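Asker: Quick one: the structure is below, and I'll ask about it shortly.
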Amino acid sequence: MLTDEQIAIAQHRRGHALVRAVPGSGKSTAARHLIAQHVRAGWTAPEHILTVCFNVDAARDFGAQLTALLRESGCDTPPLVVNLHALAYRLLRGLVRQGLAPPRKLVDDSQEDFWRGLVALSLSRADGIAPGEIPPSEIDHYHLWIVQTKARRASPDRADLAWCQAQGIEDPAHFYRVFSAFEEERLQAGAMGFDDLIGDLLDLALRDGAVYDQISDHYDLVVVDEFQDMTRANLDLIRVLAGDRASVVAIGDDDQSIYGFRGADPGLMVREFGIFFPRFTSYTLSGTFRYGPLLCRLSSELIAQNDERLDKCARAAGDQDTEVHLMFTPDEAQTVGEIVAYEQGRRAGATIGILVRAYHQTVLSEIGLLYAGIPYRIEGAEPFFDRQDAQAVAGYLALATGALDDQRGWIPAERAATLARALLLMPNRYVRQTDLDRAAAWVASGRPFRDWVWERCQEAMASEDGYSQRLGSQLAQLLRDIRHLSQLNRDAAGDFIRAFYGYLGLRREIGLGGAVRGTERAAVYEVLADFADRRGFSVAELQDYLTRLSARYAQAQRSRRRPTVVITSWHKTKGAEFDAVILPDLRAGKSPLVYGEIEPDIAEERRLFFVAMTRAKSALYLLAPEDPALYASVSGLPTPPTAQSGERASPFLSDIGDWDGVRVWADGAFLDAVQAFSP
Numbered sequence: 001m002l003t004d005e006q007i008a009i010a011q012h013r014r015g016h017a018l019v020r021a022v023p024g025s026g027k028s029t030a031a032r033h034l035i036a037q038h039v040r041a042g043w044t045a046p047e048h049i050l051t052v053c054f055n056v057d058a059a060r061d062f063g064a065q066l067t068a069l070l071r072e073s074g075c076d077t078p079p080l081v082v083n084l085h086a087l088a089y090r091l092l093r094g095l096v097r098q099g100l101a102p103p104r105k106l107v108d109d110s111q112e113d114f115w116r117g118l119v120a121l122s123l124s125r126a127d128g129i130a131p132g133e134i135p136p137s138e139i140d141h142y143h144l145w146i147v148q149t150k151a152r153r154a155s156p157d158r159a160d161l162a163w164c165q166a167q168g169i170e171d172p173a174h175f176y177r178v179f180s181a182f183e184e185e186r187l188q189a190g191a192m193g194f195d196d197l198i199g200d201l202l203d204l205a206l207r208d209g210a211v212y213d214q215i216s217d218h219y220d221l222v223v224v225d226e227f228q229d230m231t232r233a234n235l236d237l238i239r240v241l242a243g244d245r246a247s248v249v250a251i252g253d254d255d256q257s258i259y260g261f262r263g264a265d266p267g268l269m270v271r272e273f274g275i276f277f278p279r280f281t282s283y284t285l286s287g288t289f290r291y292g293p294l295l296c297r298l299s300s301e302l303i304a305q306n307d308e309r310l311d312k313c314a315r316a317a318g319d320q321d322t323e324v325h326l327m328f329t330p331d332e333a334q335t336v337g338e339i340v341a342y343e344q345g346r347r348a349g350a351t352i353g354i355l356v357r358a359y360h361q362t363v364l365s366e367i368g369l370l371y372a373g374i375p376y377r378i379e380g381a382e383p384f385f386d387r388q389d390a391q392a393v394a395g396y397l398a399l400a401t402g403a404l405d406d407q408r409g410w411i412p413a414e415r416a417a418t419l420a421r422a423l424l425l426m427p428n429r430y431v432r433q434t435d436l437d438r439a440a441a442w443v444a445s446g447r448p449f450r451d452w453v454w455e456r457c458q459e460a461m462a463s464e465d466g467y468s469q470r471l472g473s474q475l476a477q478l479l480r481d482i483r484h485l486s487q488l489n490r491d492a493a494g495d496f497i498r499a500f501y502g503y504l505g506l507r508r509e510i511g512l513g514g515a516v517r518g519t520e521r522a523a524v525y526e527v528l529a530d531f532a533d534r535r536g537f538s539v540a541e542l543q544d545y546l547t548r549l550s551a552r553y554a555q556a557q558r559s560r561r562r563p564t565v566v567i568t569s570w571h572k573t574k575g576a577e578f579d580a581v582i583l584p585d586l587r588a589g590k591s592p593l594v595y596g597e598i599e600p601d602i603a604e605e606r607r608l609f610f611v612a613m614t615r616a617k618s619a620l621y622l623l624a625p626e627d628p629a630l631y632a633s634v635s636g637l638p639t640p641p642t643a644q645s646g647e648r649a650s651p652f653l654s655d656i657g658d659w660d661g662v663r664v665w666a667d668g669a670f671l672d673a674v675q676a677f678s679p
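Per the UniProt record's numbering, residue 1 is the first one in the sequence shown, and the count goes up by one each step.
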């Protein structure tokens, strides 16, 4: 049954409209019923309706449910439901076949090295230096700026100087020279990126009237879902497709605009919708079916700190209740395991989402779940035990304890082979696949890893080809590294990890991949070192602990049951919901997240936090470090003198002023320290 708010939207017949929707308010349901009403009532023929969704999966799900709804009314010809980039690709291919557009190869975002190489080449042209001499961080910055410039439809003759200043671009003229060089190199390579699908189509349509006429004014109704994620380029294409004929109905929540790094601009919804689509009707979906009044109040108080937003006054539409827990935890791995076990015990088949701002934050949660024997799955990244850097840590621990030289059942053969590969890859020793396979087979057979390194080193040194000479040099260095590791103190595993990380120059090695990827990878070493410190592990103890966990992980991987515990990122979780949500690692520097020298967009980071919070249906767990100032604020206590020492919680938690109704948990020793200063 539809609500009154949804019915009003479904009855919208003509003219532009903007629908403002809170999380979980049934906006997609309202959109489907709007389209179905147009078809059933004969207001608009199905072939004259276009529905645009944010991504391919969303379009597929929306289309399937719309088709089912229309079949109930005897309609077997559903309207077109499509992702905007897929539609642009389809239109471009048609133009190529007609000879109206040049053929270009789609090189998607997974080919990051190709695009970073083009950025380096463009900087080289602009600055007159070799591409290899350009710092990875500079390539990162320019790559991000180029992507956002395309999304904003800016160019050298339409320079956005205010935006350049906000991004910290000190020399806009130089940036636009680099941008022009990038586009020249891209077109010469005959390549299109994800963002070029729309940009190239727009350029063709605005230059060639025949192209414009082919793609414009064919629809009477255009429905745009997730409008808050529109870029300027997306919006320009919607305007071309709609032409002067179509009514545009946009549905979204500006508080969930979280793709600024791709150029998404919530201002297009907040400020400018009426400029492009005048005399529009405004609708609001204010009632959420997902969570209760307490989470409504807390999330509204958080997001109200953002200045530029549409007021939606969220309310709980049903009688559902949502618990909210704020937990000050000294041991996140243990806490996550305990929460999940508790939730599974009280709700059979409960879906549980462990949502992280960045994927390096999954490490402790995965450790806690594996230790507790709880199956899980990760969406959007590799599990911790499959990541190269985690395997490298385990490999150097095994090397230091002798577990790879005298296994005696300490490490399963398959695990030993994996660690041997990791040692040859981190740092990169330029070892070919055939040698990686030989080393893995050697160690898996129970023979010492050090012996393989020695024998292969001697064999390579005796050969005269270039690869063998370089391999011999690299393996000789590895033998020296092994001797150095044997001299390090092994009483504290955390100190050992930091020592070999510094000695091997892994920070520089990892940094070559760019600031974002480098920060993600470096954090794995940091997290494991800090975890070892908290547990007081020696090298041998941490090595044994990780070996036992890896066995549990391997066993879990063989299970055919689909786990109900999901670990994923705040970005990936939009549109999803879970019975219980856990937000771990809510500390300063993680939310808002700081990547190298890239300044975070505080408003967008707050929106991300809002999205993560509002995925919960029955329970939300906020896991913070032991921050005395936050605890005192939440509990109504005076701020203790120790408030400036130790770890600090995410400043977004301080955006919430009224914690009434929230269950606050803390360790006894921490409580005693804070309350000792209370009157």
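Quick reminder that beta carbons are idealized off the backbone N, C-alpha and C, glycines included.
Bear in mind the structure is a predicted one, so any value in this text is a computation, not a measurement.
Using DSSP with H/G/I as helix, E/B as strand and the rest coil, what is residue 521?
Answerer: Residue 521: helix per DSSP, three-state reduction.
Asker: Cα separation between residue 20 and residue 291?
Answerer: Taking the straight line from one Cα to the other gives about 18 Å.
Asker: Restricting to Cα atoms, I'd like to know which of 344, 543, 7, 493 is closest to residue 395.
Answerer: The residue with the shortest Cα to Cα distance from residue 395 is 543.
Asker: Of all the beta strand (DSSP E) runs that stay within the bounds of the region 437 to 463, which reach a length of 3 or more residues?
Answerer: Runs of the beta strand (DSSP E) inside the region 437 to 463: none found.
Asker: Using 8 Å as the Cβ pair cut-off and three pairs as the minimum, do the region 559 to 579 and the region 525 to 545 touch?
Answerer: Too few Cβ pairs lie closer than 8 Å, so no.
Asker: Along the chain, where does the beta strand (DSSP E) containing residue 114 start, and where does it finish?
Answerer: Here residue 114 belongs to no beta strand (DSSP E); instead the alpha helix (DSSP H) covers 112 to 127.
Asker: Could you give the residue range of the beta strand (DSSP E) that holds residue 149?
Answerer: Not the beta strand (DSSP E): residue 149 falls in the alpha helix (DSSP H), residues 136 to 152.
Asker: So if DSSP puts residue 325 in a beta bridge, which residue, or which two residues, is it bridged to?
Answerer: Per DSSP, 621, 663.
Asker: Assess contact between the region 192 to 207 and the region 103 to 113, defined as three or more Cβ pairs (one per stretch) separated by less than 8 Å. Is contact present?
Answerer: The region 192 to 207, when compared against the region 103 to 113, does touch it at the 8 Å Cβ threshold.
Asker: Short check: CB of residue 205 to CB of residue 126, under 8 Å?
Answerer: No, these two residues do not count as a Cβ contact at 8 Å.
Asker: Give every residue of the same chain whose Cβ lies closer than 6 Å to the Cβ of residue 233, excluding the five residues on either side of it in the sequence, and list them in chain order.
Answerer: Answer for residue 233: 151, 153, 198, 199, listed in chain order.
Asker: I need the DSSP call for residue 633, collapsed to helix, strand or coil.
Answerer: It is helical.
Asker: Alpha carbon to alpha carbon, what distance is there between residue 316 and residue 521?
Answerer: Residue 521 and residue 316: Cα-Cα distance of roughly 40 Å.
Asker: Quick one, are the C-beta atoms of residue 352 and residue 564 less than 8 Å apart?
Answerer: In contact: residue 352 and residue 564 (Cβ atoms closer than 8 Å).
Asker: Kindly indicate which three-state DSSP category residue 353 falls into: helix, strand or coil?
Answerer: Three-state result, residue 353: strand.
Asker: Helix or strand or just coil, what does DSSP make of residue 283?
Answerer: Here residue 283 sits in strand by DSSP.
Asker: Leaving out five residues before and five after residue 59 in sequence, what residues of the same chain have Cβ atoms less than 6 Å from its Cβ?
Answerer: These residues qualify, in order along the chain: 53, 81, 82, 83.
Asker: If you run the structure through DSSP and keep just helix, strand and coil, what is residue 53?
Answerer: Three-state DSSP puts residue 53 in a strand.
Asker: How big is the Cα-Cα spacing for residue 603 and residue 144?
Answerer: The alpha-carbon atoms of residue 603 and residue 144 are separated by roughly 18 Å.
Asker: Within the continuous beta strand (DSSP E) that includes residue 17, where are the two ends?
Answerer: Start and end: 17 to 21.
Asker: Tell me, to the nearest whole angstrom, how far the beta carbon of residue 100 is from that of residue 254; I am working on the premise that it is less than 8 Å.
Answerer: Between residue 254 and residue 100 the Cβ distance is about 37 Å, and since that is not below 8 Å, they are no contact.
Asker: If we count the other Cβ atoms within 10 Å of its Cβ and call it buried at 16 or more, is residue 689 buried or exposed?
Answerer: Residue 689 is absent from the model: the chain starts at 1 and stops at 679.
Asker: For the alpha helix (DSSP H) containing residue 603, list its first residue and its last residue.
Answerer: From DSSP, the alpha helix (DSSP H) with residue 603 extends over 602 to 613.
Asker: Does DSSP classify residue 194 as helix, strand or coil?
Answerer: Residue 194: coil per DSSP, three-state reduction.
Asker: Tell me, to the nearest whole angstrom, how far the beta carbon of residue 590 is from that of residue 357; I am working on the premise that it is less than 8 Å.
Answerer: Contact holds; Cβ gap of about 6 Å.
Asker: Please classify residue 1 as buried or exposed, where buried requires at least 16 other C-beta atoms within 10 Å of its C-beta.
Answerer: Residue 1 should be labelled exposed.
Asker: Using alpha carbons as the reference points, say which of 641, 384, 277 lies closest to residue 557.
Answerer: Closest by alpha carbon: 384.
Asker: Report the rounded CA-to-CA distance for residue 501 versus residue 397, giving the unit in angstroms.
Answerer: In a straight line, the C-alpha of residue 501 is about 12 Å away from that of residue 397.
Asker: Quick check: what's the CA-CA separation for residue 337 versus residue 452?
Answerer: Those two C-alpha atoms are separated by around 40 Å.
Asker: Restricting to Cα atoms, I'd like to know which of 656, 658, 626 is closest to residue 666.
Answerer: Answer by Cα proximity: 626.
Asker: Suppose you measure from the CA of residue 696 to the CA of residue 348; what does that come to, to the nearest Å?
Answerer: The chain is shown only over 1 to 679; residue 696 falls outside these bounds and no answer can be derived.
Asker: Just curious, the beta strand (DSSP E) that residue 578 is in, first and last residue?
Answerer: Residues 578 to 583.
Asker: Nearest to residue 89 by CA position, among 71, 172, 202, 166, is which residue?
Answerer: Out of 71, 172, 202, 166, 202 has the C-alpha closest to the C-alpha of residue 89.
Asker: Select from 554, 405, 516, 330 the residue whose C-alpha is nearest the C-alpha of residue 112.
Answerer: Ranking 554, 405, 516, 330 by Cα distance to residue 112 puts 516 first.
Asker: With respect to the alpha helix (DSSP H) encompassing residue 674, which residues constitute its N-terminal and C-terminal limits?
Answerer: 668 to 675 is the extent of the alpha helix (DSSP H) around residue 674.
Asker: From what residue to what residue does the beta strand (DSSP E) around residue 567 run?
Answerer: That run of the beta strand (DSSP E) goes 565 to 569.
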